[in-house]
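Quick note: the sequence shown, position 29, residue 21 per the numbering used here, numbers continuous.
Built from N, CA and C at the ideal position, the CB exists for glycine as well.
Below is one structure, written out as structure tokens; comments come after it.
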Amino acid sequence: MAILVDSETKLLVQGITGREGLFHTEQMIEYGTNVVGGVTPGKGGEWVLGKPVFDTVKAARESTGANTSIIYVPAAFAADAIYESIDAGIDLIVCITEGLPVRDMMKVRSQLDQSHSRLIGPNCPGLLTPEQAKVGIMPGHIAMPGNVGVVSRSGTLTYEVVYALTQRGIGQSTCVGIGGDPVNGTNFIDVLGMFEDDPQTEKVVLIGEIGGTDEEKAAAFIASHMTKPVVAFIAGQTAPPGRRMGHAGAIVEGGAGTAADKVAALQSAGVKVAQHPEQIAELI
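Given below as structure tokens:
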């Protein structure tokens, strides 16, 4: 068993005929992901990589039975692409696109709260359930099936940690990159709850960043709801105050969201916190 995506996932690619969409669709198909079609307005009726292209998500869903969509469209059109998937009743929407304005995401967030759809991202690497489904841009060869769930705000650190786990023979149940933007679809608490309920997942790795209070909220959830051990790493521990580090949400302002605060909160919840990403494989 896994969370969010598996071999039964029917994936639709929004922006399948664009450069990024085409490249990553080919990678996902090669991994074995069940890609059932794509969407590019104006190109309905064409075929790409052996998959049908539709003008709208609604038409694609009605024809293919897709339950998941992934978005590879420019930032200016990404919010509309999310709205279209929500309106079509897609269960899980994964938005890889970075650079969505916060005001756009606040409107998307409001629409999501009134729907049955779940959004992963934006500005995220997507999800990977080893040997079942790769929905996004994570390199599939670095992962192996196992019992460790991984949830992260950082794409690059996700790859580093997963590779380190695999090198030690420690497999993963599902790897989830939730993205580092200040307003997103799915947060740490959502994913931690899924891992807690997933019988395959026995341990969890959490990779956070400076900025915001999501890690402190996750620590409170772990203390009150999690029975499975959690190991964590906080990126940006040496960042000077006020300096933006990587993601839009990774900035320490007014003394809030410091690495020290996050590490202290997680340790108080019984979480082992690594000093560097490679140490996670030793602590898990």
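Asked	Found
Is it the case that the Cβ atoms of F272 and T166 are separated by a distance below 7 Å?	Note on identity: in this sequence residue 272 is Ile, with Phe being the wrong assignment. No.
With 16 as the cutoff for other CB atoms within 10 Å, does Q267 come out buried or exposed?	exposed
Return the first residue and the last residue of the beta strand (DSSP E) that A261 is part of.	It is not in any beta strand (DSSP E) - A261 carries neither H nor E in the DSSP assignment.
My output table needs one value for A224: the three-state DSSP class, helix, strand or coil.	strand
Hey, which unbroken runs of the alpha helix (DSSP H) at 4 residues or more fall wholly within the segment 83 to 132?	94 to 105
Can you give me the start and stop residues for the alpha helix (DSSP H) that K50 sits inside?	49 to 56
In angstroms with no decimal places, state the Cα-to-Cα distance between V45 and E274.	46 Å
Residues bridged to L198 by DSSP?	V143, A224
I think E76 touches T56, with their Cβ atoms under 8 Å apart; what is that distance to the nearest whole Å?	Actually they are not in contact, since the Cβ atoms of E76 and T56 sit about 15 Å apart, beyond 8 Å.
Rounded to a whole number of angstroms, what is the C-alpha to C-alpha distance between Q192 and Q124?	14 Å
Whose CA, out of Q159, P117, A215, T1, lies closest to the CA of V143?	P117
Could you check where the beta strand (DSSP E) with Q6 kicks off and where it finishes?	3 to 6
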